[in-house]
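There are 2 protein chains.
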Amino acid sequence: MINILSKYMSDFTLINEDEQRAISESLQIDEYKKGKCLLRQGELSAVKCYFVLKGCVRQFFIDESGKEVTSNFFTEEQAIPIINEQTQGDLSKYSLVCVEDCILVVGDIVSEKTMFDKYPQLETMIRKMMEINLGEMQEQFGEFINSSPEERYESVLRKRPQLIDRVPQHQLASYLGITPESLSRIKKRINKNKS
Amino acid sequence: MINILSKYMSDFTLINEDEQRAISESLQIDEYKKGKCLLRQGELSAVKCYFVLKGCVRQFFIDESGKEVTSNFFTEEQAIPIINEQTQGDLSKYSLVCVEDCILVVGDIVSEKTMFDKYPQLETMIRKMMEINLGEMQEQFGEFINSSPEERYESVLRKRPQLIDRVPQHQLASYLGITPESLSRIKKRINKNKS
DNA sequence: TAATCTCAGTGATTTGAATCAAGAATAACA
DNA sequence: TGTTATTCTTGATTCAAATCACTGAGATTA
């Protein structure tokens, strides 16, 4: 499990093995059962971010009209940003719930600064991760804007094929911005064309 | 112009005024005329990122079917990320063109490391900016997923009202993921309901 | 000043997703 | 194991955006 972290550190920084071990050991790593709610919309979060080592976390919110909207699914090697300079002190706009049993690195805001002071390379790593994340997000957004529901489903099918079996279909539908009924029909349409 | 940068440094870091001035003076700041193409889809970029001090830059790409898709408009105080650890060496997926006369901070990849070594606080600032950017992007994405074309237009009307007068309507339409005809009708519908 | 282009508005028609309304299939539970 | 939830599928209808086709308004240029 820890070697996922080592991989990151090796890829993005020049941190040596001793320090890598020291860093890994100072990190808080917790396990959560499927269904566990990590954060509830409207509440204050003590956690600054999570990093998924194993499992799947769904981010969603209830909009003004009472509809549940899934805004993301976080899986292995993805960071879940919760608090930043701008949102600290704000009530959360999202809920986070484990869709599967999970193992997560838990980042709290107080230990962050201590760690960055001790291991400056760690901040570099996080910065690079953020830059990559942002780039991916932008690309995903550009693609989403441009595509129809059917194309969006096919895009997930290409880019995150495991997701389709790991999450309930009605949640996936809400992540695609469509109704469960439409997703059901889209799947039928695609299967028909393939056979 | 420079005080936009000072504001950032004061907000996010403890950099003192002398260093702020030194940093500002080492930054490359360029002016570009309306219509200037900063980066062309399919070409290699020498620039790692821009930061908009004044003006508006449109990011877009031509998709497989030949359709032009606007994926973002960057205006004052927004960063335009171009290259990251993952995409360095890749041909650009986007084009960047000035929609107005622009004044931009130009960040190149070589000077970045030198600057970060000299001013570690600068890296902290950039990291925090990235975290905020990512948070905003996530929120925008969640909202986009959930909303109809009409709601998306109203959202831009609320959040970036200046944008509507600053950019051509057909480009705005493509940014909203709709046809120019639909945007025209949506505007008519909204004006009718207001009067 | 006329001619050309590009962009915004309008109409008619098509199309695909939303909605409303039931059933079928699974999963959860007593 | 049978009962109750939930989740998924399917059908009929509605509705809003896409598409196609055209007109008019500005801007640009010859």
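Heads up: the sequence lines are chains A and B, in that order.
Note that the UniProt record's numbering has the first sequence beginning at 1, numbered continuously upward.
Note that the UniProt record's numbering has the second sequence beginning at 1, numbered continuously upward.
From the three backbone atoms N, C-alpha and C, an ideal C-beta is built for every residue, glycine too.
Computed from a predicted model, the values in this text were never measured in an experiment.
With contacts defined by Cβ atoms closer than 8 Å, G142/A and S71/B form a contacting pair. Bridge pairing for A79/B: F51/B [DSSP].
Excluding sequence positions up to five before and after Q171/B, its CB lies within less than 6 Å of the CB of T70, all in the same chain and listed in chain order. For T179/B, no chain A residue has a C-beta closer than 9 Å to its own C-beta; the minimum C-beta separation is roughly 12 Å. In the DSSP assignment, the residues bridged to L96/A are L39/A and Q59/A. In the three-state reduction of the DSSP assignment, I126/A falls in the helix class. If you look at S71/A, you'll find it in the beta strand (DSSP E) that goes E68 to F74. For the pair E68/A and F74/A, the CB atoms are not nearer than the 8 Å cut-off. A Cβ of chain B is located within less than 8 Å of the beta carbon of E85/A. The alpha carbon of I83/B has as its nearest neighbour, out of I190/A, M130/A and I82/A, the alpha carbon of M130/A. Ranked by Cα distance from C49/B, the first of E19/B, E154/B, I4/B and Q88/B is Q88/B. In this structure, DSSP gives E31/A an extended state, which the three-state scheme calls strand.
At least one beta carbon of chain B lies nearer than 8 Å to the beta carbon of N146/A. Identification of chain A residues near K7/B by a Cβ-Cβ cut-off of 9 Å yields none; the smallest Cβ-Cβ distance measures about 14 Å. Short of 6 Å from the beta carbon of I29/B, and not among the five residues preceding or following it, lie these beta carbons of its own chain, in chain order: V105.
The beta carbon of K187/B lies closer than 8 Å to those of Y153 in the same chain, with the five residues before and after it left out.
DSSP, reduced to helix, strand and coil, places D101/B outside both helices and strands of the structure shown, so it counts as coil. Going by beta carbons, V57/A and L27/A fall outside the 8 Å limit. The Cβ of E64/A sits no closer than 8 Å to any Cβ of chain B.
M130/A has a beta carbon lying within less than 8 Å of a beta carbon in chain B. L44/A: not part of any alpha helix (DSSP H); DSSP gives it neither H nor E. Close to E151/A, with beta-carbon spacing below 7 Å, lies no residue of chain B; the smallest spacing is near 10 Å. Residue burial annotation: V110/B is exposed, with fewer than 16 other C-beta atoms found within 10 angstroms of its C-beta. Assigned with DSSP and collapsed to three states, D165/B falls in helix.
Separation of the CB atoms of Q86/A and G135/B is rounded to 7 Å, and the pair is thereby assigned contact status at 8 Å.
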